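Trainee:
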Amino acid sequence: MAKTSELRKQYEEFLNTLDKQTKKKFLNAMKKLTHAHYNWEDDLRLENALKNQWEKKDTSVSEFSDLNLYFLKEDEPQDELPIPKAATATQETIDEYFMRLALKEAVQAYREDEVPVGAVLVSPDGDVWATAHNTAEHGLHAMAHAETVAMSVAAISLQQKRLWDCTLYVTLEPCAMCAAAMTHMRIKRLVYGASNPKGGAVENGVRFFESSSCNHRPLITKGILCDECGDLLTAFFRSKR
Ligand code: ZN
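The numbering of the sequence shown is the numbering used here, which starts it at 343 and goes up by one.
1. Note down, in chain order, each residue of its chain lying with its Cβ closer than 6 Å to the Cβ of V533, except the 5 sequence neighbours on either side.
2. Under the three-state reduction of DSSP, which class applies to V616: helix, strand or coil?
3. Just to confirm, does P516 get its C-beta within under 7 Å of one of the non-hydrogen atoms of the ligand ZN?
4. Mapping the DSSP letters down to three states, classify L567 as helix, strand or coil.
5. Check for me: the beta strand (DSSP E) holding T432 runs from which residue to which?
6. Does the contact criterion of 3 or more C-beta pairs under 8 Å hold for the stretch 481 to 500 versus the stretch 540 to 550?
7. Look at the Cβ atom of A522, then the Cβ atom of E489, and state whether they are nearer than 8 Å.
8. Please report the distance separating the alpha-carbon of P466 from that of K503.
9. Please state whether the Cβ-Cβ distance between E447 and A474 is less than 8 Å.
10. Within 10 angstroms of its Cβ, does L482 collect 16 or more other Cβ (buried), or is it exposed?
11. Mind checking which residues open and close the alpha helix (DSSP H) that includes V495?
12. How is G542 classed by DSSP in three states: helix, strand or coil?
13. I'd like to confirm something about E489: is its beta-carbon nearer than 7 Å to some heavy atom of the ligand ZN, or not?
14. Output needed for M527: all residues of its chain with C-beta closer than 6 Å, excluding positions within five of it in sequence on either side, in chain order.
15. Which same chain residues end up closer than 6 Å to N546 when comparing Cβ atoms and leaving out the 5 residues on each side of it in sequence?
16. Any idea if D338 is buried or exposed, counting beta-carbon neighbours within 10 angstroms, 16 or more meaning buried?
17. Counting only the same chain and skipping the five closest in sequence on each side, list residues whose C-beta sits under 8 Å from that of V470.
18. Compare the beta carbon distance of A472 and V459 with 8 Å and say whether it is the shorter of the two.
19. Just to confirm, does C520 get its C-beta within under 7 Å of one of the non-hydrogen atoms of the ligand ZN?
20. So, is N476 buried or exposed, given that buried needs 16 or more other C-beta atoms within 10 angstroms?
21. By Cβ distance, which residues of its chain are closer than 8 Å to L561, with the 5 residues on each side in sequence left out?
22. Is the beta carbon of C508 closer than 8 Å to that of H487?
23. Is L500 buried or exposed, if buried means 16 or more other CB atoms sit within 10 Å of its CB?
24. What do you reckon, are the CB atoms on V537 and E570 nearer than 8 Å?
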């Protein structure tokens, strides 16, 4: 089976052969069909299968519908994921597990035409207290980033002013607003996927947690499932070009 990088190369080469309008049409077809599954490697294989169909038939979007079956998987409950057993699981396995849940939220954001970022708030006992995705474009307001929504949902539903000892998982390096919000909420640990050189404020930009305005700094782990988290964002912005 071809490697992800080879598939990606083939796919990019194929995109370059299309004129602007056809490319837009093709990417819209992709978007309808390929965004629902969080295993990005599978998505790339599917993109190539679709690409081959497209080349053969130069066909309309509806003729791809048989491939929709593939995406029925998306509606399977989240507990399909192997739940790490506390006694044997390493921290990395646990982090990957919760990051996959966050990634599922990011995929949901993608489907809603939002910048695909997802977050999961985990309690001190390892329970999921909230899952959320970015709704800044089509939600209530522009502050509705995945992290702030997840923290708000947990705090309001549990009637807790602060989220002591909780871990926040997010697919993208948080912005300055979300980093400051984590300090206010006293998040114990922040785990994120992809780095964000343009808008991030943890390892990039203002590096909020290292600044003198920060009076509570969470423990930070970065780079969990960073390729998958980043690829989803790349695909989103590519579809906007
Ligand atoms: Zn943010």
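Don't be surprised by glycine CBs; every beta carbon is placed ideally from N, CA and C. This structure is a prediction, so every number in the text was calculated from the model and none was measured.
Mentor: Taking the coordinates as given:
1. Numbered from its first residue, the sequence shown carries residue 533 at position 191. Result list for V533: D437, Y511, T563, I566, in chain order.
2. The question about residue 616 has no answer here: the residues shown for the chain are numbered 343 through 583.
3. The residue labelled residue 516 in the question sits at position 174 within the sequence shown. Answer for P516: yes, Cβ within range of the ligand ZN.
4. The sequence position of residue 567 within the sequence shown is 225, counting from 1. Here L567 sits in coil by DSSP.
5. Translated into positions along the sequence shown, residue 432 becomes position 90. Careful: T432 lies outside any beta strand (DSSP E) and carries neither H nor E.
6. no
7. Reading the sequence shown from its first residue, position 180 is the one you call residue 522. Reading the sequence shown from its first residue, position 147 is the one you call residue 489. No, Cβ-Cβ distance for A522 and E489 is not below 8 Å.
8. Counting from 1 along the sequence shown, the entry for residue 466 is found at position 124. Counting from 1 along the sequence shown, the entry for residue 503 is found at position 161. The alpha-carbon atoms of P466 and K503 are separated by roughly 15 Å.
9. The count along the sequence shown starts at 1 and reaches residue 447 at position 105. The count along the sequence shown starts at 1 and reaches residue 474 at position 132. Closer than 8 Å, so yes.
10. In the sequence shown, the residue the question calls residue 482 occupies position 140. Per the 10 Å Cβ criterion, exposed.
11. Here residue 495 refers to the residue found at position 153 when the sequence shown is read from its first residue. From DSSP, the alpha helix (DSSP H) with V495 extends over 488 to 500.
12. Taking the sequence shown and counting its residues from 1, one reaches residue 542 at position 200. Residue state, collapsed to three classes: coil.
13. For the purposes of this step, residue 489 is taken as the residue at position 147 of the sequence shown. Indeed, a heavy atom of the ligand ZN lies less than 7 Å from the Cβ.
14. By one-based count along the sequence shown, residue 527 stands at place 185. Hits under 6 Å: M493, R504, L505.
15. Walking along the sequence shown from the start, residue 546 turns up at place 204. Result list for N546: P539, in chain order.
16. Since the first residue shown for the chain is 343 and the last is 583, residue 338 is missing from the structure and cannot be characterised.
17. What you label residue 470 is simply residue 128 of the sequence shown in a count that begins at 1. F440, L443, V462, L463, V464, listed in sequence order.
18. For the purposes of this step, residue 472 is identified with residue 130 of the sequence shown, where counting begins at 1. For the purposes of this step, residue 459 is identified with residue 117 of the sequence shown, where counting begins at 1. No.
19. On the sequence shown, position 178 is the one that residue 520 refers to. Yes, the Cβ of C520 comes within 7 Å of a heavy atom of the ligand ZN.
20. On the sequence shown, position 134 is the one that residue 476 refers to. It is buried - the Cβ of N476 has at least 16 other Cβ atoms within 10 Å.
21. Here residue 561 refers to the residue found at position 219 when the sequence shown is read from its first residue. Contacts found: K530, R531, L532.
22. Stepping through the sequence shown from its first residue, residue 487 is reached at position 145. Stepping through the sequence shown from its first residue, residue 508 is reached at position 166. No. Outside cutoff.
23. On the sequence shown, position 158 is the one that residue 500 refers to. Per the 10 Å Cβ criterion, exposed.
24. Here the question's residue 537 lines up with position 195 in the sequence shown. Here the question's residue 570 lines up with position 228 in the sequence shown. First, the residue type needs correcting, since residue 537 is Ser and not Val in the sequence shown. Their beta carbons are not under 8 Å apart, which means S537 does not touch E570 by this criterion.
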